[in-house]
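Down below is the structure, laid out as structure tokens.
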Amino acid sequence: MNLRFRKYSWQLAPSSIRDIRQRVFIEEQQVPPELEWDDTDEIADHYLAVDDSNTPVATARLFSTMEETGYIGRMAVLPEYRGRGAGDALLRHLLAESAGRFQELKLSAQQHATGFYQRFGFHICSDIYDDAGIPHLDMRCLAPTLASHPGDQRAKPLILGEDSESWLFGDESTMLELMDSLVAQAGQRIWLYDDVLDHDLYDRYPLRELISAVARRHRLSEVRILIHDDKPLVKRRHQLVELMRRLTSRIELRLVNTDYPMENQPFLLADREGVLYRHDFNKPEGFANFANPGRVKLMEEAFQRMWDAGRGSLELRELPL
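Following the UniProt record's numbering, the numbering of the sequence shown begins with 1 at its first residue and continues without gaps.
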């Protein structure tokens, strides 16, 4: 099915957008009208998908409260067009619209539809909750640019434990999207090895919040940071250091013991399946795997050897909170 997409403000939106939502959500799914029509419509961009004969097929809205995060909602396909790729095409268009504009996309998915969104790089980030009598889960995509151009037909791109193909990167922005996507999905463990905690890479509020969530998620959660040099951290406050000193039982930093064998490339491990690997300490070039337990096992053994031989940082310990 060939579709074309049109974008409107709510004030100028054609009646077909409202008609599709009326038919799908209110009539078919029994969502109360007072819940369907809300103030967000006034601030959102509304998208209408039409076929070759200019017949309305599907609709969705996209809005942001902060420019870093976009929210997709009210995505609806008319019953007679389902199963023909209309939903896929509409979501790909929304991803393309968001690429380069938002660092993160969020949506509230009906429970039965989570598999659909996972095919486009969205991962579940909440427990099940009720919305208008329908079970929902929050989902997010931290790499909208990558998700809009996966490069091949991955079943579940960017999903930890599912996406077994490698993601190659050669620039910092792509590397950060992959890093954040891995950290966001870690259930219990993050192990990070690098020369220094470079401020451009690691001293970022979004990453701090993602690591904090991992550290607080489970009583056995474990965040280990292993670096060569802590002097830059002493000279300039770092968000991960401040977080580490507030969650001392969940986040620990050690310095590499140079008297023992060391790895020459930095890497990050997420649980027992995800890895982000750089070829050089000073270049944003390497690859990420979201489902490669064999490689992770080899690298965690190397990390553990360096960790056991490492030492704590007295300088960081003595910094005031």
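The C-beta atom is built at its ideal place from N, Cα and C for all residues, glycine as well.
None of these values were measured; they are calculated from a predicted model.
The three-state reading of DSSP puts W307 in helix, counting H, G and I together. C141 and L158 have their C-alpha atoms roughly 9 Å apart. Taking the C-beta atoms as reference points, E36 is found nearer than 8 Å to I26. Contact annotation: A60 and A86 have beta-carbon atoms that are not nearer than 8 Å.
The shortest C-alpha to C-alpha distance from Q11 to any of P32, H46, I20 is the one to H46. Counting only residues of its own chain and dropping the five nearest sequence neighbours on each side, P56 has a CB closer than 7 Å to the CB of S16, I20, L48, V50. Between the alpha carbons of G73 and D198 lies a distance of about 36 Å. When Cβ pairs closer than 8 Å are counted between the two stretches, the stretch 156-173 is seen to touch the stretch 282-291, the count reaching three or more.
Annotation: S98 to M179 spans about 19 Å, alpha carbon to alpha carbon. With distances taken between CA atoms, G70 lies nearest to L94 out of K235, L94, N282. No residue range can be given for K283, since it is assigned to no beta strand (DSSP E) and is classified by DSSP as neither H nor E. With a contact defined as Cβ atoms closer than 8 Å, L107 and M66 miss out at about 16 Å. For the beta strand (DSSP E) assignment, the uninterrupted runs of no fewer than 3 residues enclosed by the stretch 197-273 are, from N- to C-terminal side, 222-227, 251-255, 267-270. Between V275 and L226, the alpha-carbon positions lie close to 15 Å from each other. Contiguous alpha helix (DSSP H) elements confined to the stretch 58-130 occur at 86-98, 114-118, taking only those with 4 or more residues. Annotation for P135: the continuous beta strand (DSSP E) segment containing it runs 134-141. Around the beta carbon of D203, 16 or more other beta carbons sit within 10 angstroms, so the residue counts as buried. According to the DSSP assignment, R6 belongs to the beta strand (DSSP E) that extends over 4-8. P32 sits in coil when the DSSP states are folded into three classes, being neither helix nor strand.
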